[in-house]
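Single-structure report; data block below.
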């Protein structure tokens, strides 16, 4: 059974959204270093997947922390 490109793309979008949510939860709980790590992981993963818009979003999230 072949996995469609759309299905794979959806899985990657879910993965990136989960990384963002984990970062958001961490910062709401006052865990700056953990938030930074989740956002960095999201940025790295978005770049690996060549998801330009997602990479920009994670870059902006990181900028708001600084």
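Residue numbers (my numbering): 18 to 83.
Ideal placement from N, C-alpha and C gives every residue a C-beta, glycine not left out.
No experiment lies behind these values; they were computed from the predicted model shown.
Asked	Found
Using the Cβ count rule (16 or more neighbours within 10 Å means buried), how would you classify residue 40?	buried
Alpha carbon to alpha carbon, what distance is there between residue 24 and residue 42?	27 Å
Quick check: the Cα distance between residue 28 and residue 34, rounded to an integer number of angstroms?	10 Å
Return the chain-ordered list of same chain residues with a C-beta closer than 6 Å to the C-beta of residue 51, the five sequence neighbours on each side being excluded.	43
In terms of residue numbering, what span does the alpha helix (DSSP H) encompassing residue 64 cover?	49-65
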